[in-house]
Amino acid sequence: MRVLFQTGRLELVALEAETARAASQNRKLFTRLIDAETPDAWPLEEMRDALPLFETFSEGEAFGGVLIERATRVVVGDAGFHRTPLAGGDAEIGYSLLETARGRGYATEAIQQLLALGWEAGLVTIYARVQPNNGPSHRVLARCGFECEGERDGW
Numbered sequence: 739m740r741v742l743f744q745t746g747r748l749e750l751v752a753l754e755a756e757t758a759r760a761a762s763q764n765r766k767l768f769t770r771l772i773d774a775e776t777p778d779a780w781p782l783e784e785m786r787d788a789l790p791l792f793e794t795f796s797e798g799e800a801f802g803g804v805l806i807e808r809a810t811r812v813v814v815g816d817a818g819f820h821r822t823p824l825a826g827g828d829a830e831i832g833y834s835l836l837e838t839a840r841g842r843g844y845a846t847e848a849i850q851q852l853l854a855l856g857w858e859a860g861l862v863t864i865y866a867r868v869q870p871n872n873g874p875s876h877r878v879l880a881r882c883g884f885e886c887e888g889e890r891d892g893w
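In our numbering, the protein residues as written are 739 to 893.
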């Protein structure tokens, strides 16, 4: 288990190839690999669909992992950069929280830490794509300093 960052309440544990496969197929193995309880609401099927993305984390094409609430050692979501190498330039930030973890400021806390890491890594532009009707996510990004530049490809 490789910890990518810790904040006051959260820990981001890397989703490397073995961990990502477990996240999409075997809740019990996944729980053991990340040393955290995985709620029944953890979306195994969505993780299966995202497996190609998570495999790029191991290849250095992206950076991200599973968000764990430190006080309880329970998985609350995932976050990271994707769709671009992190060796300078632009990166897309992405995040998702389990419904039970929403409304507690976890997304804001995680995004602020990811932004700091991204700027430190030499990124020039960090962007996010959010569905137009996702008001809570728009508010999280606004709190983190993002500005809406318009819609693109239905986002």
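Every residue, glycine too, gets a C-beta built ideally from N, C-alpha and C.
Model, not experiment: these values are computed from the prediction.
Check	Outcome
6 Å CB neighbourhood of Glu807 in its chain, flanking five on each side removed	Val814
Beta strand (DSSP E) runs contained entirely in the stretch 751 to 822, provided each spans 3 or more residues	801 to 807 and 812 to 820
Contact between the stretch 869 to 886 and the stretch 766 to 773 (3+ Cβ pairs under 8 Å)	no
Supposed close pair Gly832, Ala817 - CB separation, criterion 8 Å	7 Å
Test item: CB-CB of Glu837 and Ala779 under 8 Å	yes
Residues near Ala829 by beta carbon distance below 7 Å, same chain, minus five either side	Phe819, Thr822, Gly856, Leu861 and Ile864
Gly746 beta carbon near the ligand PLP (any heavy atom closer than 7 Å)	Absent from the structure shown: the ligand PLP. Ligands present: none.
The beta strand (DSSP E) enclosing Gly827, as first and last residue numbers	Gly827 to Leu835
Where the beta strand (DSSP E) through Thr863 begins and ends	Leu861 to Tyr865
Simplified DSSP assignment, three categories, for Val868	coil
In DSSP terms, what Gln744 is bridged to	Glu749
From Glu749, Leu782, Leu879 and Val868, residue whose alpha carbon lies closest to that of Val804	Glu749
Per-residue burial, Thr810 [other beta carbons within 10 Å of its own, 16 or more giving buried]	exposed
C-beta contact flag for Thr745 and Gln851 at 8 Å	yes
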